[in-house]
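With the numbering used here as the guide, the letters of the sequence shown map in order to residues 16 to 85.
Even glycine gets a Cβ: it sits at the ideal position worked out from N, Cα and C.
Okay, so here's the structure we're looking at.
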Amino acid sequence: MAGWKHTVTYGEFLAWTHATAFMNANRDTTTHPDPVELPTPWPDKQDVDVTPEERAELRAELKARSAFAH
């Protein structure tokens, strides 16, 4: 949650997810061609200060520990 404007509860996050999905599923794409993007507490783009070597190490560790990364 580093960089977030404020914390949210699990319920608030689910309400945001549901509202965004509902609004996009039911929008008239002829009058509103762009998807609805509700404001979020997290930044749109995060500043990551990871070197390529560190990223490779982190990916290798994830691959070694994750059942889904293989």
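Asked	Found
Contacting residues, own chain, Cβ-Cβ under 8 Å from Val23 (five flanking each side not counted)	Trp31, Pro56
Coarse secondary structure for Phe37, derived from DSSP in three states	helix
Which listed residue (Thr45, Asp43, Phe28, Ala36) has its alpha carbon closest to that of Glu52	Ala36
Alpha-carbon spacing of Asp62 relative to Leu73, whole angstroms	17 Å
DSSP three-state assignment for Trp57, whether helix, strand or coil	coil
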